[in-house]
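Right, one structure below, let's go through it.
Residue numbers (this note's numbering), protein chains in the order written: chain A, -19 to 355; chain B, -19 to 355.
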């Protein structure tokens, strides 16, 4: 079945929107945070745990699955859903971000990108067509166009040249995309230059994608620049289609970018932080490895209803981390994904009452304390 | 509450026994396999998963918990059950095995054992009294006496001297054990020498422990020698009390030693094998890392009703192992513990019908194929 999106409500004070995704008999609300399952598994967690947390779409990485186990294996398994036993919606990225961040050295040509497998040094070549073909075989529900993720800062001239190529790549990908049950998203690049973001967004809209992603953020820029880039993109995107901000998951960034019209977010942070012993709380991140938690028999966050907080103490989780027991990372992954999922729920409530700005200010005060500045 | 044991039925053909453990409102049947939760967590698993598998008692390691987080922390948490969120029965070992296997160099005196912390080199000293005191603070349900685990082979003279010391240590431990809700087990040592096993068992029975363990096996001896040692011990133990064979978990050893009168087993094998990609099946162990499973979309074992086999394929688990995703070890841990738990269920059924020997022969044929010899 194909995923369906419907815009339901818009804020009168900012660009925030409420929407609904229907998929496989269930309805999910947007804006939404999507946990990342790089290798067709959200690290340390079972699909049932994600359902208990209340997540919706999860993300899987095309680059990683292309290399292992290979898209043909996943396809023969019956697609990603069957392969990983997850019947909720799945989004795949294009592999582009990994090619540009993990695989070096690289050689960008009009045809595609030549690079080396980061594990074994094998020479690889990824093209817009190849990326779409892999994603069709993976049978995800939302497919990304292959784009160039430009680092920040980059010169106007370079970004301009890159946007043109990304647009040609988007068109080439769209031409090979033939899949009645999948959605295909175009990716808005353009760095921090409004005219380039505008040009990219408008050209993609002209091609009529099923939804639009915003790329080229979280690549070294400060928060103000990120928010600016997002605003430059959403401004030129149609209201009736999903907007997905790629790779962004810092709590404050979720709030700020919802206010700029974003519906979907993904980030490895909740699980990566968990593996390093960190937990989100309403009063900022805490490091459970800290010796002060050795005899702290309270939950990670008082009042939190996640499985970890309902049944375990900081002292126990600290002990698990100290002894390298993976159950510790598992408990913190549950807590962190739950935290972001609940934050999105709060965000949606505040869109309904159009109180998102007040919510943001209160959140910042609780999370960072007095004197927070966007950096 | 204190755990209660009742012998229910005995084989007429061998020493196998059926019994019941009552604990916290639930009844568990023996013979039973106990998963090991070294650091107060059965590696990669949540307590709920153990319950779903259908395990009963779990084991925790005194040595490890003494060093991290320390018995006082566990005690302040309200004991092991609260600390690790497990309301089923918990058995703790004495720390003796770890002192003799992990910690070197060591110096055995009448008073106790001097050794070094295997992680940081700190000098440590463990005595029979200290071991019991730690276990009382841990608040496990079954406490082990501190013993010397003698390696195999050892000379008659050395084992004799060691058994005498183990008996003096057992008495010293018993004298400081004051805990209405815990059971205290004595440990039968004596190597492969029947008169020493007999002497040890009879002396311990004289001291009247709540149950009896059999130690000094799985220390390098062949299977025939192990079975002989077990038989030398159970022969002299009272019928109305639990017998626990320490550190033994190879499927065939479970069957053979049940036939020699053992009720309880523990072993790290199911979780350790899982971490290395191995799974038990009725046709022997298989290594899921093997490339032949790359496109094998069947479960680890056809007909197995564990969570892993019901929802995932060999190909997926192989992929998880290839990408170092801990969910792979988690799925195989579930399968392996389930396998041994179901094996114990089959063993109990065959005690009831007194067909354990036929069951063993069939199991050997299926598991090892023709021509199996005990080594």
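Built from N, CA and C at the ideal position, the CB exists for glycine as well.
The three-state secondary structure of residue 210/A, taken from DSSP, is helix. Bounds of the alpha helix (DSSP H) holding residue 310/A are 306 to 332. With contact defined as three or more Cβ pairs closer than 8 Å, the region 300 to 308 of chain A and the region 195 to 203 of chain A are not in contact.
Chain B places no beta carbon closer than 8 Å to that of residue 251/A, leaving this residue out of the contacts. With contacts defined by Cβ atoms closer than 8 Å, residue 334/B and residue -7/B form a contacting pair.
If you draw a straight line from the Cα of residue 75/B to the Cα of residue 282/B, it is about 39 Å long. Closer than 9 Å at the C-beta level to chain B, one finds no residue of the region 180 to 202 of chain A.
Within chain B, the C-beta atoms nearer than 7 Å to that of residue 292/A come from 65, in chain order.
In the three-state scheme derived from DSSP, where H, G and I count as helix and E and B as strand, residue 168/B is classed as strand.
Counting C-beta pairs closer than 8 Å gives fewer than three between the region 288 to 300 of chain A and the region 228 to 246 of chain A, which falls short of the contact rule. Close partners of residue 279/A in chain B (Cβ separation under 9 Å) are lacking, with about 11 Å as the shortest Cβ gap. One finds 274, 295, 298, 299, 302 in chain A with Cβ atoms closer than 8 Å to the Cβ of residue 49/B, taken in chain order. Residue 212/A is a Cβ neighbour of residue 170/A, given a cutoff of 8 Å. Per the C-alpha coordinates, the member of 285/B, 290/B, 291/B, 300/B positioned closest to residue 273/B is 300/B. Relative to residue 58/B, the option among 120/B, 22/B, 108/B whose CA is nearest is 120/B.
Judged by their CB atoms, residue 42/A and residue 111/A are nearer to each other than the 8 Å cut-off.
Contact between residue 68/A and residue 40/A does not hold, since the beta-carbon distance rounds to 12 Å and is not under 8 Å. Counting C-beta atoms within 10 angstroms of its own C-beta, residue -17/A has 16 or more neighbours from the protein chains shown and is therefore classed as buried. Of the residues 27/B, 11/B, 339/B, the one whose Cα lies closest to the Cα of residue 287/A is 27/B.
Around the CB of residue 73/B, 16 or more other CB atoms lie within 10 Å, so the residue is classed as buried. Relative to residue 87/A, the option among 104/A, 100/A, 126/A whose CA is nearest is 104/A. Restricting attention to alpha helix (DSSP H) runs no shorter than 4 residues, the region 71 to 116 of chain B encloses them at 76 to 81, ordered along the chain. In the three-state reduction of the DSSP assignment, residue 126/B falls in the coil class, being assigned neither a helical nor a strand state.
Between residue 218/B and residue 109/B, the alpha-carbon positions lie close to 25 Å from each other. Interface flag for residue 117/B against chain A is unset, since no Cβ pair is found closer than 8 Å. Counting along the chain, no beta strand (DSSP E) covers residue 153/A; the unbroken alpha helix (DSSP H) around it starts and ends at 136 to 156. Not flagged as an interface residue toward chain A: residue 329/B, since no C-beta distance is shorter than 8 Å.
When DSSP assignments are scanned along the region 25 to 52 of chain B, the uninterrupted stretches of beta strand (DSSP E) that are 3 or more residues long and fall wholly within it turn out to be 38 to 40.
Less than 8 Å separates the beta-carbon of residue 263/A from that of residue 346/A. Using beta-carbon distances, residue 26/A counts as an interface residue toward chain B, with a partner under 8 Å. In the DSSP assignment, residue 223/B falls outside any alpha helix (DSSP H) and within the unbroken beta strand (DSSP E) covering 222 to 225. Exposed is the label assigned to residue 338/B, since fewer than 16 other Cβ atoms lie within 10 Å of its Cβ. Of the candidates 113/B, 0/B, 97/B, 0/B places its Cα closest to the Cα of residue 325/B. Flagged as an interface residue toward chain A: residue 305/B, by a C-beta distance shorter than 8 Å. Closer than 8 Å to the CB of residue 23/A there is at least one CB belonging to chain B. Look at residue 19/B: its C-beta is under 8 Å from a C-beta on chain A.
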